[in-house]
Structure formats: C-alpha cells, structure tokens
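Chemist: Residues in the sequence shown are numbered from 579 upward in steps of one, following my numbering. Even glycine gets a Cβ: it sits at the ideal position worked out from N, Cα and C.
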Amino acid sequence: MDKGETLLEHMERQGMSRRTFLKYCASLASLMALPPSAAAAMAEALGKARRPSVIWLPFQECTGCTESITRSHSPSVEGLIFDMISLDYQETLMAAAGFQAEEALQNAMKENYGKYVLIIDGSVSTGMDGAYSCIGGRSNLDSLQEAAKGAAAIIALGTCASFGGIPKANPNPTGAVPVSDIIKDKPIINISGCPPIPVVITGVIAHYLTFGTVPELDKHGRPKAFYGETIHDRCYRRPFYDQGKFAKTFDDEGARNGWCLFELGCKGPITYNACATSKWNDGTSFPIQSGHGCIGCSEPDFWDAGGFYKALSTPANPLKYVAAAAVAGAAAGVAVSFANRARKQKAKSEHETATTSDLEK
Ligand code: FSX
C-alpha cells in the first residue's frame, strides 16, 4: 500500500465498498460500547487515517498471540485495518532475518522516533540480567528499554506481556515480569488473553487511529470496552446458572443439554474478556460454546490460580429445594419456591463475592 494512502482510499482500491466499511465501523463502535453516532465519526476519522509505524517485539511467549492475529487476517475487513498500520518490524512475519532484520528495527525506531506504536508480546526476563531470553545478542530487557524510549504508546499484547503469564507462573525460573513492571513513563494498553481475541487487537488499533488516544482502561490497564464485563455476565449459558442447572461431568445429561459449566471449573464469573460476545474464528464459537469451561486466561496469575477443573466455590442448588417443595404440596411449594429464589439470590451474591475475592487474592 502507498504510504500516503488513507484507509478509505486503500479499501476502495481493493474493491471494498464504502457500505462494507461503514458496516465494519458500526460493528466496531458497538463492540467498543460507543453510541451509534460514534460509528459515523469513526468511519470519517478512519477513512482519513494514515498508517502509523508499528514496531512489534516478541519476548518470552509461545507465538500464540501472533497466531491469533494472523488467523483473522486474510479475508476479514479487520485485516484491512491491519494493512493500515506500517508493520515495520515483526520477527515472525517479516521476510528479513539476521543483520538485515536488526537494521530494519533500528531504521524504524530512528525514522519514527516519538511516533511509533510499540507492541510487545511475551513477558520480560529479568533473571541473570535478562540472559534467559535474548534476540540478536541482546536481552529482551535491553531491547524493551531501548524501543520504549521512542514509542508514543505501548500495547502489551497477551497475558504474558500484560501480567507475566505462563512464563511468570510459579516457580518463575527466568524472573519473568510484565511490560508495566519495567516501563513506567509511557502509556501502556494491556490486551490480555492467552492468546488475546483478534478483534480486540484490531479494535484497540482502530481506536488509536480514530481518536489518537489510549482508550479508557480498567484497573488492570485493559480497555474497558472489551474487558468491562465478565464472561459470565454475557454467557449464553447464564440462564442455567440462574436456574441452578449445572453439568456435573463433561458427558452427563446436563452437559448434553448445554447447562452451566460452573461446577466443572468454569472461571467465567471472575474473568473479564469479550469471548462471549465477539467469540473466535470469525464469531463462530468460544470455549464455553464448545463445551469447555473458561480457564480465565485473561486474568493476572491465571495459571497459578488453582485448577482449571476445580469449581471456584459451591454455588446454590435451588433444584434441591424445588424437589422438597413438590413433596410439601402445591401451595407450600409456591411459598418455598419464593423463599428459595430469595435464598438462591443471596447465595449467588455471596458466591459471586467469594469468587471475586478469589481473584483478588
Ligand atoms: Fe503468552 Fe503470546 Fe499465551 Fe502464547 O505472544 S499470552 S503464552 S498465547 O504467545 O505471549
């Protein structure tokens, strides 16, 4: 793409209709919880936007974050947004290697000093002065400190970069830390998830292109638009939780009926992310929809939190009370049912308080 070309010009040259572009802006605005009027403003701003330079450095990670973004890349309109950034350095995706790659990195930092967006995926090793993870003979720690100096903003992509992730899991042999433990003087946007959702990555970039600012963040430095609610809040199985219908094993009748996976260890009630709404693979599904509980991968210390298959706590079981009510007779049943609904609400709220404090530990 021509460096001076705007996003809209680029899309038109690719044969993309303006209508499709407007639809994309509308869905992006809705996903980011912006008012409908923002879609038009977003379309106008994005249409005029030019590519910012992006330097992407991978540290201690599994490359899942890069895999995530590339999976959504090619046929999607999000891909076009990604085309709109000038991805000047990304070791996994770039053709250059060795000295040529190092030169590309130095040139990109020099030419765009003070203006580029720095994306980091992976945690930063601090053990043995960073010697556990080196690229081109330099520790990730050194590379981060150098690249951060000229960055306008930093995106910590994935749970490793945001919170330390799996490399930081007990016993943390490399002294892994998140980006925010090292860099204190730049705006940092954490896009957690192991890996993060592709549309959240492109959404944050689109927000930055549109408004030129960092989006509103939660207490963990994540964009509230995508991390403002728990998986549980938006889960399509939530009505079963409210009715006290839980699968007890992965192949029982409850599981076959699509009941709540809470008792099988689902961490949806304490996990903030957009999986239940944006889903994965072009909105096809997400883990809970495929029958597996959420593992809480977008939360700090999720790996050490204690058991993917262990329930957070024992939830209310209103079915037991409904059965008792049936024996006691219809009139009494109504009374018990109301009493139990109140009990369930109380237990549920106690349970949610308990599970939230599990997370805070
Ligand atoms: Fe971590 Fe990403 Fe998990 Fe993997 O780059 S967030 S281990 S998906 O690859 O950093």
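1. Can you tell me which of the three DSSP states C738 falls into?
2. Taking C-beta to C-beta, are G728 and G753 nearer than 8 Å?
3. How do the segment 815 to 828 and the segment 782 to 802 stand: do at least 3 beta-carbon pairs fall below 8 Å, yes or no?
4. Using the Cα positions of E587 and A673, report the straight-line distance between them to the nearest angstrom.
5. Quick check for students: name the residue ranges of the beta strand (DSSP E) that lie wholly in the segment 692 to 732, counting only runs of 3 or more.
6. Output yes or no for whether 8 Å exceeds the beta carbon distance between V695 and V632.
7. Classify L775 as helix, strand or coil using the three-state DSSP reduction.
8. Taking 7 Å as the cut-off, is the CB of D860 close to at least one heavy atom of ligand 1?
9. Tell me the residue span of the beta strand (DSSP E) that contains P636.
10. So, at 6 Å on beta carbons, what are the nonlocal neighbours of S629 in its own chain, with the 5 sequence-adjacent residues on each side left out?
11. Out of curiosity, what's the CA-to-CA distance linking M610 and K626?
12. Determine the closest residue to G871 out of N859, E877, S856, A889, with distance taken between C-alpha atoms.
13. How many angstroms separate the CA atom of K826 from the CA atom of L735?
14. Return yes when the C-beta of G692 is under 7 Å from any heavy atom of ligand 1, and no when it is not.
15. Tell me the residue span of the beta strand (DSSP E) that contains L890.
16. Quick one, are the C-beta atoms of V702 and L722 less than 8 Å apart?
17. When you measure from the CB of C603 to every non-hydrogen atom of ligand 1, does any distance come out below 7 Å?
18. Going straight from the alpha carbon of W858 to that of Y805, what length do you get?
Modeler: The short version:
1. helix
2. no
3. no
4. 27 Å
5. 694 to 699
6. yes
7. The identity of residue 775 in the sequence shown is Ile, whereas the question assumes Leu. The answer is coil: DSSP assigns I775 none of H, G, I, E or B.
8. no
9. 631 to 636
10. The question names Ser, but residue 629 in the sequence shown is Arg. The answer, listed in chain order, is M662, I663, S664.
11. 20 Å
12. A889
13. 35 Å
14. no
15. Note, L890: premise wrong, no beta strand (DSSP E); not H, not E.
16. yes
17. no
18. 16 Å
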